[in-house]
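S.K.:
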Amino acid sequence: MEQVRVERLDHLGLLASVIKDLGLIDMINARLVPDKQEMITPGEAMAGMILNGLGFANRPVSLTPQFFANKPLDLLFREGLCAEMFNRFKLGRTLDEAYAYGCDLLFHELALAVCAQEGIDLRFNHLDTTSFSLSGAYVPDSDEQAITITHGYSRDHRPDLKQAVLELMVSQDGGVPFVSKSWDGNTSDIAVFQERAQALMAAFRNAPSPRYLIADSKLYHADNAPHLQKLGFITRIPNTIGAVSQVIAQALTWDTWHRLDDTTRYQGIELCHYGMAQRWLVVQSQAALERAAATVTKVRQREAEAIEKQLFHLQATRFPTPEVAQDALATLAKRWTYHQVESSTLIDHKRYAGKGRPTPSTPLKAIEWQIQARVRPDQEALGYHKHVKACFV
C-alpha cells in the first residue's frame, strides 16, 4: 500500500525562492568555504536559520531539526537533505565561522552584492540606531572584541534592563539595509555617527555618482564636522545650536516662504557653519503649528501661575519712592515671556512720628509706596513663539 506523506511549504517557498534568486547560498559559501566532508554547506546552514527565523515558530536554533521535520527540503534546498542535518552542532560551527569572518563584514558584502545585482539605488543612505533591551544576568566575557550588554539610555523607558545598540544603514530605494554594526549598550548616537561618517569618506569619494548620508540631529556635531566637510549629508540641525534660533527668527522676519504642499512651507538660507558652506531649510507645517500652539498655551498657563505669586510678594513690599516701585515691577516684567503689564496703581502709606493715632499736628515721618499691577497675555509674543516652536532646520 502506498504511503502518503504530508509536508507543509507555507510561505517558506517564497523565502527560499528569494534566497536562490539572489544567490545568497553561493555567496556565503564563497566566503565561508565549506569542507568536503560536510553534508550541508555553511550557506545552506545559514539559509536554514533564515527560514527558521522567518517561520513564525519562535523556536530556538537548537530546535531547527524539529522545525524542518515536516518541510519539503528538496524544494527549499536540494535533493538529499534531511532535517537532522540542521543540528545544533552544524549550525553552531557555521555561526563560529561567521563570527571569525566578521558578522558585520559578511552582512555588508552580501548586501552590497545584492544591491548591485538588483540595481538598488545607493545615492541616499539613511543611518540610524536602535536598542534591544534584554533581561537576565550576563557574565562578563573575556573576548575583548565582543560588545558589552550593559545599561544605557533606554528608548523603551526601561532603564532597569540591560541593552545592546544596533547601527543600521538603509537605502532610500526600497529601504534595503546594507550596513550593520553592533555596539555596546551605553554607546551614544554621536559616537556611532561620527565613526560611520569617518568610514564613509573614502566610499563616497570614490563613488561614480554623488552620495549623501542622511541621519537625525546627532550627526551634526562639532566633533564630526571634519568628517562632514568631506561628505554630502542631509540632517536636522539640533536646536541646541544658537544659530538655529537666529536663522528661524530671520526666516520669520523675511517671510519669503515657498510652498512644499498645502500644509508645509520652507525657506532656504545659505550660510557658513562649522567651516562648511551649507544650505539650511527652515521648515514649518500646519501640524507643527497646532502642536506648538498647545505647547505655548501650557507654558503660558504655568507662567501665569508664577506671575501671580510674584505679584503677591511685590504688592506686600513697601518702597521708598514711586520710581523704585515702578523699577521693581519693570524688573519682574522683563522675566516674562508671554505676559505684559496691563496697568499698575501706586498707593501711598504715610508714617507719622510718635505712637498712637496721629492728629493733624503730628509730624509726617515718611511716605512708603505700594504698587499693584494687572497683567494680560502678550498676544504678539504668543503668536511669535508659536511660529518659532513650529519651525525646525
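So the working numbering is basically just the index in the sequence shown, starting at one, shifted up by 362. Positions of the beta carbon are idealized from the N, C-alpha and C atoms, including for glycine.
Which stretch, first to last residue, makes up the beta strand (DSSP E) that contains I596?
M.R.: 594-597
S.K.: Which residue from N586, L435, P570 puts its Cα closest to that of G410?
M.R.: L435
S.K.: How do the segment 669-681 and the segment 642-660 stand: do at least 3 beta-carbon pairs fall below 8 Å, yes or no?
M.R.: no
S.K.: Pick out whichever of F566, L484, A378 has its Cα sitting closest to the Cα of D535.
M.R.: L484
S.K.: Beta-carbon separation of A587 and Y636 under 8 Å?
M.R.: In terms of Cβ geometry, A587 and Y636 form a close pair [threshold 8 Å].
S.K.: Return the CA-CA distance between A445 and K452, expressed in angstroms with no decimal places.
M.R.: 12 Å
S.K.: State yes or no: is the C-beta of S579 nearer than 7 Å to some heavy atom of the ligand FAD?
M.R.: This structure does not include the ligand FAD; it has no bound ligands of any sort.
S.K.: Pull up the distance between the alpha-carbon of F469 and that of E742, whole angstroms please.
M.R.: 56 Å
S.K.: Where DSSP assigns a beta bridge to R736, which residues make up the other side?
M.R.: Under DSSP, R736 shares a beta bridge with S705.
S.K.: Would you check if the distance between the CB atom of N731 and the CB atom of A687 is smaller than 8 Å?
M.R.: Here residue 731 turns out to be Trp, not Asn, going by the sequence shown. Yes, the pair counts as a contact, with Cβ atoms nearer than the cut-off.
S.K.: Would you identify the three-state DSSP class for A584, choosing helix, strand or coil?
M.R.: helix
S.K.: I'd like to check one pair, L467 with L374: are the Cβ atoms closer than 8 Å?
M.R.: no
S.K.: Identify whether P684 lies in helix, strand or coil by the three-state DSSP scheme.
M.R.: helix
S.K.: Out of V644, E441, D617, A649, which has the shortest C-alpha to C-alpha gap to T625?
M.R.: A649
S.K.: Quick one: is Y461 buried, meaning 16 or more other Cβ sit within 10 Å of its Cβ, or exposed?
M.R.: exposed
S.K.: By how many angstroms is the C-alpha of R653 removed from the C-alpha of K543?
M.R.: 36 Å
S.K.: How many Å lie between H749 and Q608 at the Cα?
M.R.: 14 Å
S.K.: Considering only C-alpha positions, which residue in the set V703, S533, I709 is nearest to R680?
M.R.: I709
S.K.: Among H711, S705, C753, G745, which one has its Cα closest to the Cα of Q734?
M.R.: S705
S.K.: Per DSSP, which residues does S710 bridge with? Please list them.
M.R.: The residue you asked about is not Ser; residue 710 is Asp in the sequence shown. W731, per the DSSP bridge assignment.
S.K.: Of all the options N432, A569, R455, which has the alpha carbon lying nearest to the alpha carbon of G417?
M.R.: N432
S.K.: Is it the case that the Cβ atoms of T602 and A577 are separated by a distance below 8 Å?
M.R.: no
S.K.: Please say whether F566 and L581 have beta carbons closer to each other than 8 Å?
M.R.: no
S.K.: CB-CB under 7 Å to G630, same chain, minus the five flanking residues each way: which ones, in chain order?
M.R.: R641, L643
S.K.: Apply the 10 Å Cβ neighbour rule to K622 and answer buried if 16 or more other Cβ atoms are within range, or exposed otherwise.
M.R.: The residue you asked about is not Lys; residue 622 is Leu in the sequence shown. Exposed is the call here.
S.K.: Rounded to whole angstroms, what's the CA-CA distance from V645 to T618? Just pull it up for me.
M.R.: 12 Å
S.K.: Within a Cβ cutoff of 7 Å, which residues of the same chain sit near M389, ignoring the five residues on either side of it in sequence?
M.R.: L472, A475
S.K.: Can you tell me whether DSSP reads M401 as helix, strand or coil?
M.R.: coil
S.K.: Along the alpha helix (DSSP H) that carries S379, what are the first and last residues, could you check?
M.R.: 374-384
S.K.: Is A526 helix, strand or coil by DSSP?
M.R.: Strand, per DSSP.
S.K.: Would you say E459 and P422 are within 8 Å of each other, going by their C-beta atoms?
M.R.: no
S.K.: Are the CB atoms of A728 and R738 nearer to each other than 8 Å?
M.R.: Against a cut-off of 8 Å, the Cβ pair of R738 and A728 comes out as no contact.
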